[in-house]
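So the sequence lines, in the order shown, correspond to chains A and B.
Just so you know, my numbering puts 35 at position 35 of the first sequence, and the rest follows in order with no gaps.
Convert by adding 1000 to the 1-based position in the second sequence; the result is the number in my numbering.
Cβ atoms here follow ideal geometry from the backbone N, Cα and C, with glycine treated the same way.
A quick note: this is a predicted structure, and the numbers were derived from the prediction, not measured.
Notes for the one structure printed next.
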Amino acid sequence: MKSLVKIMPKKGVLDPQGKAIENSLNQLGFSEIKEVTQGKIIEIEIDCDNEKDARVILENASNKLLANLVIEDYEITFPKED
Amino acid sequence: MKVSIVVFPGSNCDRDIAVSLKKFSNKDPFMVWHKETSLPDSDLIVLPGGFSYGDYLRCGSMAANSPIMKEVKKSSEKGSAILGICNGFQILTESGLLPGTLIRNQGLSFLCKNTPLKVQNNNSIFTKNYKKNDIINIPIAHNEGNYFASETVIEEIEDKNLIAFRYCDHNGDIDLKTNPNGSRNNIAGIINENGNVLGMMPHPERATDKSAGLTDGENFFTSIVESLT
């Protein structure tokens, strides 16, 4: 099944890339844009028939490699396939 | 002194550190490929600078899971000295051998320049030949050298005197203006509580030869050689 691991900087951790994107957008005239944070999304095809077990595997993978918990939080979702 | 230098795909300071260590110890280090599952008997293991695995995912995150790192951790537990420079420091934090992590430089630019450092802890196998508060000039070359850790961890490493080097200016002033990359408390290098693991962003191996300009890294290598021989 298809899964997404969304990894974002923790609140309070400096995100210079998000800040740079925000400044760039403001300079382009997007004055409504107030705060930009940059993270990453990792799409994973996982060989598992239920979300509960898949979540356990993906949490383990996120803790071990995908996210650095000192600076990042992650969120696992299972988008409906078309 | 027996030295092993781990070579990852993308390491690019492995030869430099080998030359520096040989210059001061008169012995050729072992070069150990990251896929090896055993290490030669070593007093010192070096994780060199570079761009292991192209800095994919996060700097040092892939290398921290290389097969050889299990052995590096075991050796560390047994008390072998472990030195991580630049990407090596990133690998040490990613593998949990040192606390915290290194994030993108505050100014978003790759920094490549000579930088004054203040020696904060000269009571280690890596720094004993410096005097406390010595100001030394050592090159930095990094994009992710901004040391970050939680307030609790920062307090702990401050209280336990685990900061080996801090960024400063030529007068030794340590503040936001003399901080090149946004590192918490101007941290440039830390040691672990046991004193056998050091990680630092600056490159002492690039400051050991007059013909290359700087020589302030010499005491770093003589400290190591004297401590481990």
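**Item:** Under 8 Å (Cβ pairs) to chain A, residues found in the segment 1139-1152 of chain B
**Value:** For the segment 1139-1152 of chain B, which is checked against every Cβ of chain A, the residues closer than 8 Å are N1146, F1148, A1149 and S1150.
**Message:** Between which residues of its own chain and S1076/B is the CB-CB distance below 7 Å, once the five residues before and five after are set aside?
**Reply:** For the purposes of this step, residue 1076/B is identified with residue 76 of the second sequence, where counting begins at 1. Excluding sequence neighbours, S1076/B sits near I1082, L1097, N1196 and V1197.
**Cutoff 9 Å: V5/A Cβ touching any chain B Cβ** = Taking the first residue of the first sequence as position 1, residue 5/A is located at position 5. No - not a single Cβ of chain B is within 9 Å of the one on V5/A.
**Request:** Give me the Cβ distance between L66/A and I46/A, rounded to the nearest whole Å; I'm assuming they're in contact under 8 Å.
**Result:** For this step, residue 66/A is matched to residue 66 along the first sequence. For this step, residue 46/A is matched to residue 46 along the first sequence. So it is not a contact: roughly 13 Å between Cβ atoms.
**Host beta strand (DSSP E) of G1084/B (start-end)** = Here residue 1084/B refers to the residue found at position 84 of the second sequence. Following the DSSP letters along the chain, one finds G1084/B inside the beta strand (DSSP E) bounded by residues A1081 to I1085.
**Assigned exposure category for Q27/A - 16 Cβ within 10 Å defines buried** = Position 27 of the first sequence, counted from the first residue, corresponds to residue 27/A. Label assigned to Q27/A: exposed.
**Prompt:** With C-beta atoms as the reference, is N1114/B less than 9 Å away from N1087/B?
**Reply:** For the purposes of this step, residue 1114/B is taken as the residue at position 114 of the second sequence. For the purposes of this step, residue 1087/B is taken as the residue at position 87 of the second sequence. No.
**Three-state secondary structure assigned by DSSP to T1101/B** = Working through the second sequence from its first residue, we reach residue 1101/B at position 101. It is a strand residue.
**Asked** Name the residues in the segment 1085-1115 of chain B whose C-beta lies less than 9 Å from a C-beta of chain A; which are they?
**Response** T1093, E1094, P1099, G1100, T1101, I1103, R1104, N1105, Q1106, G1107 and L1108
**Request:** My understanding is that N1143/B touches R1104/B, with C-beta atoms under 8 Å, so please give their C-beta distance in whole angstroms.
**Result:** Taking the first residue of the second sequence as position 1, residue 1143/B is located at position 143. Taking the first residue of the second sequence as position 1, residue 1104/B is located at position 104. 7 Å between Cβ atoms; contact.
**Message:** So, with DSSP's three-state summary, where would you put N60/A?
**Reply:** One-based indexing of the first sequence puts residue 60/A at position 60. Three-state DSSP puts N60/A in a helix.
**Message:** Does chain A have any CB closer than 9 Å to the CB of S1066/B?
**Reply:** Taking the second sequence and counting its residues from 1, the one referred to as residue 1066/B is at position 66. Chain A contact via Cβ: absent.
**Message:** For a contact defined as C-beta to C-beta under 9 Å, what are the partners of G1182/B on chain A?
**Reply:** If you number the second sequence from 1, residue 1182/B lands on position 182. Neighbours of G1182/B on chain A, chain order: L14 and P16.
**Request:** Can you pull the chain A residues whose beta carbon is under 8 Å from the beta carbon of S1000/B, in chain order?
**Result:** Missing from the structure shown is residue 1000/B; chain B here goes from 1001 to 1229 and no further.
**Asked** Considering only residues of the same chain and omitting the five flanking positions on each side of C1059/B, which have a CB-CB separation below 6 Å?
**Response** As a first step, residue 1059/B is located in the second sequence; it is residue number 59 there, counting from the start. Only Q1090 and E1144 meet the Cβ criterion.
**Prompt:** DSSP three-state call for P16/A: helix, strand or coil?
**Reply:** On the first sequence, position 16 is the one that residue 16/A refers to. Of the three classes helix, strand and coil, the one that applies to P16/A here is helix, per DSSP.
**Message:** Please list the terminal residues of the continuous alpha helix (DSSP H) segment that includes A1018/B.
**Reply:** Position 18 of the second sequence holds residue 1018/B. Run containing A1018/B: D1014 to S1025, per the alpha helix (DSSP H) assignment.
**Message:** Can you check whether the C-beta of L1162/B is within less than 9 Å of a C-beta belonging to chain A?
**Reply:** Locating residue 1162/B in the second sequence gives position 162, counting from the first residue. No, L1162/B lies away from the interface with chain A (no Cβ there is under 9 Å from its Cβ).
**Request:** Just tell me which of A1212/B, H1203/B, N1181/B and A1149/B has its CA closest to the CA of F1221/B.
**Result:** As a working mapping, residue 1221/B is identified with position 221 in the second sequence. Residue H1203/B is the option with its Cα nearest to F1221/B.
**Outcome for S1061/B when other beta-carbon atoms lying within 10 angstroms are tallied against a minimum of 16** = Along the second sequence, read from residue 1 onward, the residue named residue 1061/B stands at position 61. Looking at its Cβ environment, which holds 16 or more other Cβ atoms inside 10 Å, S1061/B is buried.
**Prompt:** Any Cβ of chain B within less than 9 Å of the Cβ of N68/A?
**Reply:** The sequence position of residue 68/A within the first sequence is 68, counting from 1. Chain B, which has a Cβ nearer than 9 Å to the Cβ of N68/A, makes this yes.
**Message:** For V1007/B, which residues in the same chain have their Cβ closer than 8 Å to its Cβ, ignoring the five residues on either side in sequence?
**Reply:** Numbered from 1 along the second sequence, position 7 holds the residue referred to as residue 1007/B. For V1007/B, where only same-chain residues beyond five positions count, the Cβ hits under 8 Å are D1014, M1031, V1032, W1033, H1034 and P1048.
**Prompt:** Going along chain B, which residues have a C-beta under 7 Å from L65/A?
**Reply:** For the purposes of this step, residue 65/A is taken as the residue at position 65 of the first sequence. Within chain B, the residues near L65/A are S1061 and N1065.
**Request:** Report buried or exposed for S1080/B, applying the criterion of at least 16 other Cβ atoms within 10 angstroms of its Cβ.
**Result:** Numbered from its first residue, the second sequence carries residue 1080/B at position 80. Answer is buried; the Cβ neighbour count reaches 16.
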